[in-house]
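With the working numbering, the residue at position 158 of the sequence shown is 1004, and numbering never jumps. Glycine included, every Cβ here is placed at the ideal spot set by N, Cα and C. To start, the structure under review is shown below, and the notes come after it.
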Amino acid sequence: MKILVLNCGSSSIKYALYDMDTKQVIASGGAERVGLDNAFVKVKLPNGEKIQVMHDIPEHTEGVKFIFSLLTDAEIGAIRSLSEIDAVGHRMVHGGEKFTESVLITDEVIRAFEAVSDLAPLHNPANLKGIRAVSELMPDMPQVGVFDTAFHQTMPDYSFMYALPYEVYEQYGVRRYGFHGTSHRYVSARACEFLGLDYNKVKIITCHIGNGGSLAAVKNGRCMDTSMGLTPLEGVMMGTRAGDVDGGAVTFLQKKLGLDADAMSSYLNKKSGVAGVSGIGSDMRDLEKACAEGNKRAQLAEKMYNYRIRKYIGAYAAAMGGVDVIVFTAGVGENQTSMREAACDGLEFMGVKLDKEVNAKIRGKEAVISTPDSKVKIVVIPTDEELMIASDTMAIVSK
């Protein structure tokens, strides 16, 4: 079975074509600058070579159509005909409380998804454009929605509720939803498979740390808490997002800076975090370099960044009554050895012992980085959200 995975953003379309018999990616790439000048598609060829193809992409339907043409191209394509594709799986960002698992996309599902679009005004409409593009080009193609928020829907109410008047939850759905759920689900299950543990009998803290970052407390196979909230802004400090901040500070700054709600949202989401504190940017590699050169603001940003990750690990261990496994994943989590060391430093009282020599050698591959006598296993598990989406799609279509 061949499954095409689409991840449609407001101005981008990422894709990956899987042969599910081998679970291998046979084609991948992404369209960028959709709706803007100088649009193009990056294509990874079967031999691993990457090329860039310029193409005018005024909207998503044209982008999906062009991606289809590249998949079947005589020279760089991976399949001879679109009929070889059995189903399309979509990354869906925000499902609200309506979606607790992946679903076959129907008119009813689309209406329910549209109803929660105000919770993710940048992402959900773009996801819908991808679905409609496929429907227009291939009307009989089965499509499946896989939601970033679904894995976190097992959180108890005392975990997901905010201490706001209850009416705003009833009327507007204001609560913690969490994100990166497909990644947290994949790496928590894969870590147990890798370690030979029963997924339904362990306490796991998953640390998805990239330019955006979130942690999740997973107890006996169910998410109990996660750091992102109503939006992806809450939680740990991120590349350009502030993470946890006093609501009073937000209203104070709105008045002082003369910002409206949209401008304040941009300030917190795009101008804060590592970039805002360091003044350097959001790339952790640049931050490390600046720290090594003695840049004080960069050093402060790095300490804040690592401290907040460590604080969440401690909090989630307390919330679950202990922890058996700590998982690091995503771009920073998989590759930045100094962050992993700093995040675990001081957690020895919990039985966490990092093998610093092993940790220093591990980048982007599955590995145990704790010492043999550590009571808590610490592992690096590269995430594979696209494979998770493809697997869910195959399971639902096969039914």
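| task | Would you list, in sequence order, the uninterrupted beta strand (DSSP E) runs of no fewer than 3 residues that lie entirely inside the segment 884-916? | result | Those beta strand (DSSP E) runs which fall completely within the segment 884-916 and span 3+ residues are 886-890, 896-900.
| query | Are the beta-carbon atoms of Ala1248 and Thr952 separated by less than 7 Å? | reply | Residue 1248 lies beyond the residue range present for the chain, which begins at 847 and ends at 1245; the question has no answer from this structure.
| message | With the cut-off set at 7 Å, would you say Gly1197 and Val1222 are in Cβ contact? | response | In the sequence shown, residue 1197 corresponds to position 351, counting from 1. In the sequence shown, residue 1222 corresponds to position 376, counting from 1. A contact, by the Cβ cut-off of 7 Å.
| request: Please name the residue, chosen from Ala873, Ala1189, Val880, that lies closest to Ser858 on a Cα-to-Cα basis. | output: Along the sequence shown, one-based indexing puts residue 858 at 12. Checked all of Ala873, Ala1189, Val880; the closest Cα to Ser858 is Val880.
| field | Whole-number beta carbon distance between Ala1163 and Val1169, since they are thought to touch under 8 Å | value | The count along the sequence shown starts at 1 and reaches residue 1169 at position 323. The count along the sequence shown starts at 1 and reaches residue 1163 at position 317. Right, the Cβ-Cβ distance comes to about 4 Å (below 8 Å), so this counts as a contact.
| task | To the nearest angstrom, report how far apart Thr950 and Arg1036 are at their CA atoms. | result | One-based indexing of the sequence shown puts residue 950 at position 104. One-based indexing of the sequence shown puts residue 1036 at position 190. Position check: residue 950 holds Leu in this sequence, whereas Thr was assumed. Leu950 and Arg1036 have their C-alpha atoms some 24 Å from each other.
| field | Beta-ladder partner(s) of Ala1063, from DSSP | value | Taking the first residue of the sequence shown as position 1, residue 1063 is located at position 217. BP columns for Ala1063 point to Ile1051, Asp1071.
| First through last residue of the beta strand (DSSP E) which encompasses His969 | On the sequence shown, residue 969 is found 123 positions in, with the first residue counted as 1. No beta strand (DSSP E) contains His969, which DSSP labels as neither H nor E.
| query | Per DSSP, His936 is paired with what? | reply | For the purposes of this step, residue 936 is identified with residue 90 of the sequence shown, where counting begins at 1. Checking the DSSP bridge columns, you'll see His936 partnered with Leu852, Gly991.
| task | Determine, using beta-carbon pairs with one atom in the segment 1118-1129 and one in the segment 1140-1149, whether at least three such pairs fall under 8 Å. | result | Yes, the segment 1118-1129 touches the segment 1140-1149.
| said: In the DSSP output, which residue or residues are listed as bridge partners for Gln1017? | reply: Translated into the one-based positions of the sequence shown, residue 1017 becomes position 171. None, per the DSSP bridge assignment.
| Are three or more beta carbon pairs between the segment 1087-1095 and the segment 1060-1071 nearer than 8 Å? | No, because fewer than three Cβ pairs between the segment 1087-1095 and the segment 1060-1071 fall closer than 8 Å, the two stretches do not touch.
| query | With C-beta atoms as the reference, is Gly976 less than 7 Å away from His936? | reply | In the sequence shown, residue 976 corresponds to position 130, counting from 1. In the sequence shown, residue 936 corresponds to position 90, counting from 1. Against a cut-off of 7 Å, the Cβ pair of His936 and Gly976 comes out as a contact.
| query | Going by alpha carbons, who is nearest to Lys944 out of Arg957, Tyr864, Tyr1004, Ile1224? | reply | Within the sequence shown, the letter at position 98 stands for residue 944. Of all alpha-carbon atoms in Arg957, Tyr864, Tyr1004, Ile1224, the one lying nearest the alpha-carbon of Lys944 is that of Arg957.
| task | State the CB to CB distance for the pair Val887 and Met938, rounded to an integer number of angstroms; the pair is presumed to be in contact (CB under 8 Å). | result | As a first step, residue 887 is located in the sequence shown; it is residue number 41 there, counting from the start. As a first step, residue 938 is located in the sequence shown; it is residue number 92 there, counting from the start. About 22 Å separates the CB atoms of Val887 and Met938; that is not less than 8 Å, and the two are not in contact.
| message | If contacts are defined as beta-carbon pairs under 8 Å, then His1054 and Ala1147 qualify, I think. What distance do you get, rounded to the angstrom? | response | Along the sequence shown, read from residue 1 onward, the residue named residue 1054 stands at position 208. Along the sequence shown, read from residue 1 onward, the residue named residue 1147 stands at position 301. About 20 Å separates the two Cβ atoms, so there is no contact after all.
| field | Continuous beta strand (DSSP E) assignments of at least 3 residues falling wholly in the segment 1164-1208 | value | Listed in chain order, they are 1171-1175.
| said: Quick check: what's the CA-CA separation for Met1130 versus Thr1086? | reply: Numbered from 1 along the sequence shown, position 284 holds the residue referred to as residue 1130. Numbered from 1 along the sequence shown, position 240 holds the residue referred to as residue 1086. Straight-line Cα distance between these residues: approximately 11 Å.
| query | Is the number of C-beta pairs between the segment 1019-1035 and the segment 1062-1076 that are closer than 8 Å three or more? | reply | For the pair of segments examined, the segment 1019-1035 was found to touch the segment 1062-1076: the number of CB pairs separated by less than 8 Å reaches three.
| field | Gln1017 versus Leu965, Ser1034, Gln999, Asp994, residue with shortest Cα-Cα distance | value | In the sequence shown, counting from the first residue as 1, residue 1017 sits at position 171. Looking at the Cα atoms, Leu965 is the closest of the given residues.
| query | Who does Gly876 pair with in a DSSP beta bridge? | reply | Translated into positions along the sequence shown, residue 876 becomes position 30. Residue pairing of Gly876 in beta bridges, as defined by DSSP: Lys860, Lys888.
| Distance between Cys1137 and Glu1080 (C-alpha atoms, nearest Å) | To locate residue 1080, count along the sequence shown from 1; it is residue 234. To locate residue 1137, count along the sequence shown from 1; it is residue 291. Separation of Glu1080 and Cys1137 (C-alpha to C-alpha, rounded to the nearest whole angstrom) is 26 Å.
| said: Under 6 Å: does the beta carbon of Arg1209 sit that close to some heavy atom of the ligand SAM? | reply: This structure simply doesn't include the ligand SAM, nor any ligand for that matter.
| Between the CA atoms of Gly1122 and Lys1047 - distance to the nearest angstrom | For the purposes of this step, residue 1047 is taken as residue 201 along the sequence shown, with counting starting at 1. For the purposes of this step, residue 1122 is taken as residue 276 along the sequence shown, with counting starting at 1. As the crow flies, the alpha-carbon of Lys1047 is around 41 Å from that of Gly1122.
| field | Rounded distance between the beta-carbons of Ile903 and Val912, thought under 8 Å | value | The count along the sequence shown starts at 1 and reaches residue 912 at position 66. The count along the sequence shown starts at 1 and reaches residue 903 at position 57. A quick correction: the sequence has Phe, not Val, at residue 912. Confirmed, Cβ separation roughly 7 Å.
| For Asp865, the residue or residues it bridges with in DSSP | Along the sequence shown, one-based indexing puts residue 865 at 19. Paired residue(s): Lys848, Gln870.
| Cutoff 7 Å; reference Glu1187; Cβ partners in own chain excluding five residues on either side | In the sequence shown, counting from the first residue as 1, residue 1187 sits at position 341. Around Glu1187: Leu1200, Lys1202, Asn1205.
| Are Thr1239 and Val1014 closer than 7 Å when you measure CB to CB? | As a working mapping, residue 1239 is identified with position 393 in the sequence shown. As a working mapping, residue 1014 is identified with position 168 in the sequence shown. Cβ atoms of Thr1239 and Val1014: not closer than 7 Å.
| Any idea what DSSP makes of Leu1079, helix, strand or coil? | Residue mapping note: residue 1079 aligns to position 233 of the sequence shown, counting from 1. Coil.
| said: Which residues does DSSP list as the beta-bridge partners of Lys1223? | reply: Along the sequence shown, one-based indexing puts residue 1223 at 377. The partner list for Lys1223 (beta bridge, DSSP) reads Val1171.
| Secondary structure of Val1214, DSSP reduced to three states | Counting from 1 along the sequence shown, the entry for residue 1214 is found at position 368. Three-state DSSP puts Val1214 in a strand.
| field | Residue closest to Arg1209, alpha-carbon to alpha-carbon, out of Glu1180, Ala877, Val1225, Ala1189 | value | For this step, residue 1209 is matched to residue 363 along the sequence shown. For the residues Glu1180, Ala877, Val1225, Ala1189, the minimum Cα distance to Arg1209 belongs to Glu1180.
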